[in-house]
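Quick note, the sequence shown lines up with residues 2 to 112 if you use my numbering.
What follows is a single structure, written as structure tokens, with notes after it.
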Amino acid sequence: MPLHYIYLVIAIAAETIGTTALQASAQFSRLWPSVLVVLAYGLSFYFMALALKFMPVGVVYAIWSGLGIVLIAAIGFVVFGQRLDLPAVLGLVLIVSGILVIHLFSNSATH
Numbered sequence: 002m003p004l005h006y007i008y009l010v011i012a013i014a015a016e017t018i019g020t021t022a023l024q025a026s027a028q029f030s031r032l033w034p035s036v037l038v039v040l041a042y043g044l045s046f047y048f049m050a051l052a053l054k055f056m057p058v059g060v061v062y063a064i065w066s067g068l069g070i071v072l073i074a075a076i077g078f079v080v081f082g083q084r085l086d087l088p089a090v091l092g093l094v095l096i097v098s099g100i101l102v103i104h105l106f107s108n109s110a111t112h
């Protein structure tokens with residue numbers, strides 16, 4: 002796997018951790034989850050910036066935010082017991098489909 006994709010995967014994982022901690026922070030009323038939010042988002046943006054050395058910002062942001070949305074929805078379901086209706090699931094499927102189109106067919110994915 003190319004290094005810029007590793008940077009992007011780390012950025013997505015850190016963003017997912019940060020957003021999960023945001024839910025757990027109870028609107029920043031709990032100290033340690035709140036600290037984790039700040040650290041995880043900082044790490045996410047750092048690695049996203051590294052990926053931007055090799056990939057266009059639109060592609061990086063589309064993949065970062067799209068996969069983050071899908072992962073957070075899955076974590077919300079598994080960890081927090083949040084349910085999604087059929088239109089929400091279909092929307093998530095469309096997001097993943099869009100990411101696959103970018104990755105498989107676009108020449109813009111890397112410089």
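Where is the CB? At the ideal position from N, CA and C, for every residue including glycine.
Check                                                                                                                                                                         : Outcome
Considering only C-alpha positions, which residue in the set Ser66, Phe78, Val71, Ser45 is nearest to glycine 92?                                                             : Val71
Select from Ala75, Pro3, Leu95, Leu87 the residue whose C-alpha is nearest the C-alpha of threonine 21.                                                                       : Ala75
Can you tell me where the alpha helix (DSSP H) with phenylalanine 29 in it begins and where it stops?                                                                         : Segment: none, phenylalanine 29 is in no alpha helix (DSSP H) and carries neither H nor E.
Whole angstroms is fine: what's the gap from phenylalanine 78's alpha carbon to leucine 87's?                                                                                 : 14 Å
With respect to the alpha helix (DSSP H) encompassing valine 90, which residues constitute its N-terminal and C-terminal limits?                                              : 87–106
At a cut of 8 Å, does the region 49–59 reach the region 21–35 through at least three beta carbon pairs?                                                                       : no
I'd like the list of long-range same chain contacts for glutamine 24, defined as Cβ closer than 7 Å, with 5 residues on each side in sequence excluded.                       : Phe81
Excluding the 5 residues preceding and the 5 following valine 60 in the sequence, name in chain order all residues of the same chain whose CB lies nearer than 8 Å to its CB. : Ile103, Ser107, Ser109, Ala110
Just the Cα atoms here: how many angstroms apart are serine 98 and tryptophan 65?                                                                                             : 14 Å
Which of helix, strand or coil does DSSP assign to methionine 49?                                                                                                             : helix
Could you give the distance in angstroms between the alpha-carbon of tyrosine 47 and the alpha-carbon of tyrosine 62?                                                         : 13 Å
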